[in-house]
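Presented below is the structure to which this report refers.
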Amino acid sequence: MKSELPRKGVTDAQIQSESQIESCLHACFGHISDPEDRCQETVDPGPCQYYQVKWFWDELDESCKEFHYGGCMGNKNRFNTKHECLKQCRYKLFNPVAVPDLCLLEPDPGYCNDETKGQWWFFFNSDAGICEKFFFYGCGGNDNKFYSLHMCNKVCGERLSPQIACEHCDLRTSFCKSHSKFNYTCECRLGYEKNKYGECIGAILIDYRIYTVAYLHMLQMLTNAVDTQRLVTKMLGAPILSDRIAANAWHRTEVMANTAPT
Numbered sequence: 001m002k003s004e005l006p007r008k009g010v011t012d013a014q015i016q017s018e019s020q021i022e023s024c025l026h027a028c029f030g031h032i033s034d035p036e037d038r039c040q041e042t043v044d045p046g047p048c049q050y051y052q053v054k055w056f057w058d059e060l061d062e063s064c065k066e067f068h069y070g071g072c073m074g075n076k077n078r079f080n081t082k083h084e085c086l087k088q089c090r091y092k093l094f095n096p097v098a099v100p101d102l103c104l105l106e107p108d109p110g111y112c113n114d115e116t117k118g119q120w121w122f123f124f125n126s127d128a129g130i131c132e133k134f135f136f137y138g139c140g141g142n143d144n145k146f147y148s149l150h151m152c153n154k155v156c157g158e159r160l161s162p163q164i165a166c167e168h169c170d171l172r173t174s175f176c177k178s179h180s181k182f183n184y185t186c187e188c189r190l191g192y193e194k195n196k197y198g199e200c201i202g203a204i205l206i207d208y209r210i211y212t213v214a215y216l217h218m219l220q221m222l223t224n225a226v227d228t229q230r231l232v233t234k235m236l237g238a239p240i241l242s243d244r245i246a247a248n249a250w251h252r253t254e255v256m257a258n259t260a261p262t
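In UniProt numbering, the protein residues as written are 1 to 262.
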């Protein structure tokens, strides 16, 4: 539960505006300093008294903690959520989509009227960096729950464990960027996108029709135009695209081919 703190006459609109400005500045200039330095700074609430609940990384305890931020100045060791703090300071994740947010949720046992439905499941303990057992009652809860240790490790543990190396990335759909001993990240190749479990899947299928049309259009220019047109109609259920559209589609396939895994 968030603390209700005095804000000295500051409206919600003003606070939202300040937050938007802060986000803008971070997006434009946040890359200039080393992201790891942010986590090593001493917590600083700033001189103002427009109090808000924020999170900071405690180097001594190696954990994320709440503090009351005054609303102005201070330093960069300040995060809106515990998730953001853990990602950047414990796991050194400077790519915010490298790990699914569900891995950072607190375990929620859920509750049912009939407790006999409950059983032992697994959750990822982001503070400890390991998968652990917890008793799930079978109702509600959140997405940080897995029916097996293997599934918990597959979705969360392998992305955050100090012992797991880059070769666990699926090189057909992703490529690896290693940031620290605490994590590796699998970033999706062109034509793929992450699902809620952080896996790179199927967005390339969206471009399959364009890829096929462009390829067959090239064949049309090299072989019998009538036969190629018939093949296109049979495969796609539509006449071939105009020269201009197909040329643009073919250019896209060249880009995809040059960036695809070998």
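C-beta atoms are modelled at their ideal positions from N, C-alpha and C, and glycine is treated no differently.
Residue i, enclosing beta strand (DSSP E) - first and last residue
i	result
CYS85	Careful: CYS85 lies outside any beta strand (DSSP E), inside the alpha helix (DSSP H) at 82-85.
Residue i classed as buried or exposed, judged by whether at least 16 other C-beta atoms fall within 10 angstroms
i	result
residue 269	Outside the shown range of the chain (1 to 262) lies residue 269, about which nothing can therefore be said.
PHE79	buried
TRP120	exposed
VAL232	Any reading at VAL232 is ruled out, since the residue's pLDDT is 49, under 50, leaving its predicted position unreliable.
CYS72	exposed
PHE135	exposed
ASN144	buried
LYS54	buried
residue 266	One cannot answer for residue 266 here, as it falls past the ends of the chain, which runs 1 to 262.
GLN52	buried
LYS194	buried
LEU205	In this predicted model, LEU205 has a pLDDT of only 48, less than 50, meaning its place in the structure is not dependable enough to derive any value.
Integer Cβ distance of residue i from residue j, believed to fall under 8 angstroms
i	j	result
PHE122	SER148	7 angstroms
CYS152	CYS131	4 angstroms
GLY141	ASP108	4 angstroms
LYS82	CYS103	Contact doesn't hold; Cβ gap of about 12 angstroms is too wide.
TYR91	GLY70	Between GLY70 and TYR91 the Cβ distance is about 28 angstroms, and since that is not below 8 angstroms, they are no contact.
GLN40	GLU59	6 angstroms
TRP57	ASN77	6 angstroms
CYS156	GLY110	Their Cβ separation, rounded to whole angstroms, is 19 angstroms, which puts CYS156 and GLY110 out of contact at 8 angstroms.
Identified DSSP bridge partners for residue i
i	result
ASN125	ILE130
CYS112	The partner list for CYS112 (beta bridge, DSSP) is empty, contrary to what the question assumes.
LYS194	CYS200
Endpoints, alpha helix (DSSP H) assigned at residue i
i	result
CYS156	Unbroken run through CYS156: none, as it is neither H nor E.
LEU190	Neither: LEU190 is in no alpha helix (DSSP H) and is coded neither H nor E.
LEU149	149-152
Report the start-end ranges of each alpha helix (DSSP H) in the UniProt domain "BPTI/Kunitz inhibitor" (39-89) that is 4 residues or longer and not cut off at the edges. 82-85
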